[in-house]
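To start, the structure itself, in structure tokens.
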Amino acid sequence: MLSAPAPGLLPLVLGLLLLCGGGAGQYSSDLCNWKGSGLTHESHKKDVEQVYLRCSEGSIKWMYPTGALIVNLRPNTLSASYKHLTVCIKPFKDSAGANIYLEKTGELKMLVQDGDRSPNKVYCFGYDQGGLFIEATPQQDISRKITGFQYELINKGTASDLHTVSAPCRPCSDTEVLLAVCTSDFVVRGSIQDVTNEAEQQESVIDIHANKLYRQKSKVFQPTEENGSWRGQIKTPLECGVRPGDGDFLFTGRMQFGEARLGCAPRFKDFQRMYKEAKDKGLNPCEIGPD
């Protein structure tokens, strides 16, 4: 369902794409983050500025928004297949002053409406669904307005990414679990100690006691005073209905905007079964090491 663009918005988009108007494009100094100000525009003009970023993650910070921005995101590896990428953005807590649209061939779809105060909400879309078009909304006082968000480009070709982005509550198949072991940002064996449901954020925080740490890219799990054990927290959508329970699980997942997000999490005895069956057939995508 396409939302109705603001007056004059669609001609601006088409005009820019046809190189008939708009501001000059500019690159960020580090190609990951962009910070700009609408005060560089004349107040009576609706300038459209192009921003080009070539990075897998970063941020946009637009102070005193006026006119509009077109944000062009590209992965930082030349070999990446664009059709397998998912773009996720997480607006800053106090982001205000502009609407964020998806734009493709001149058609606009509302992604984040100015004034949306959904804390910690992440918006994801396929790379091929369009680019980001950000238009400032009319303001009597722009001095207090900053529109901003973090972004990540995710390779949805891997099982763990596909699961956490598109269907985080769906049980993983055997193949997805085995691939998640190879590709996840963290892989641990442990038990659920407690679950805290945060209704406002629509998230559950899972406290994990891990007795085996296979891999982690960030320091999600920290050693405890008990010899050979670790503790950490993983987040998952509230709708998944995670509850404390007995027994060990194999927890996998990925880091998203600095937070650990749960991916595939089979009971450990089920993982042992599927791992042995695949190993016996020579179909294991990778070795996980001893239990």
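FYI, in mature numbering (1 follows the signal peptide of the UniProt record, and there is no 0) the residues of the sequence shown are -25 to -1, 1 to 266.
C-beta: ideal position from N, C-alpha, C; glycine also.
With respect to the C-alpha of C30, the residue from S93, L188, L128 and C144 having the closest C-alpha is L128.
Inter-segment contact for the segment 98 to 115 and the segment 69 to 78 is present: three or more beta-carbon pairs are separated by less than 8 Å. For R248, the enclosing alpha helix (DSSP H) begins and ends at F243 to D255.
Assignment of V217 by DSSP, reduced to helix, strand and coil, places it in the coil class. Burial is judged here by how many other beta carbons sit within 10 angstroms of a residue's own beta carbon; A174 has fewer than 16 and is exposed. For E173, the enclosing beta strand (DSSP E) has its first and last residue at F161 to E173. Taking C-alpha positions only, C147 is separated from N8 by approximately 35 Å. By the Cβ rule, the segment 206 to 213 counts as touching the segment 177 to 194, because three or more pairs are nearer than 8 Å.
With respect to the 9 Å criterion, F243 and G228 are not classified as neighbours on the basis of their beta carbons. DSSP links P198 through a beta bridge to W205. By the Cβ-count criterion, K65 is buried, with 16 or more other Cβ atoms from all chains shown falling within 10 Å of its own Cβ. When rounded, the separation of the alpha-carbon atoms in P241 and V152 is 8 Å.
Excluding its 5 nearest sequence neighbours in each direction, K120 has C-beta neighbours in its own chain below 7 Å: Y39, P40, A71, G72 and Q114, listed in chain order. In this structure, the straight-line span from the alpha carbon of D245 to that of K10 is close to 48 Å.
For L154, there is no enclosing beta strand (DSSP E); the residue is found in the alpha helix (DSSP H) stretching over D149 to T158. For the set K251, G42 and R49, the Cα lying nearest the Cα of G105 is the one of R49. Between the C-alpha atoms of F108 and G81 there is a straight-line separation of about 10 Å. Taken through DSSP and simplified to helix, strand or coil, D182 comes out as strand.
Residues P94 and N95 of the same chain have their beta carbon placed closer than 6 Å to that of Q176, with the five preceding and five following residues left out of the count. Note on L258: under 16 other CB atoms within 10 angstroms of its CB, so exposed under the neighbour-count rule. Annotated as distal: Y102 and S34, with beta-carbon spacing of 9 Å or more. The Cβ neighbour count for Q231, taken over all protein chains shown within 10 Å, is at least 16; the residue is labelled buried. A straight line joining the alpha-carbon of W205 with that of Q25 spans about 46 Å. L14 sits in a helix when the DSSP states are folded into three classes. Minimum Cα-Cα distance from N172 among the listed residues K256, C215, S166 and G233 corresponds to C215. Just so you know, the alpha carbons of D22 and D89 end up roughly 19 Å apart. DSSP lists V87 and I109 as the beta-bridge partner residues of I75. By the Cβ-count criterion, A185 is buried, with 16 or more other Cβ atoms from all chains shown falling within 10 Å of its own Cβ. Secondary structure at Y126: strand, using DSSP grouped into helix, strand and coil. Between K187 and G165, the gap from beta carbon to beta carbon is short of 9 Å.
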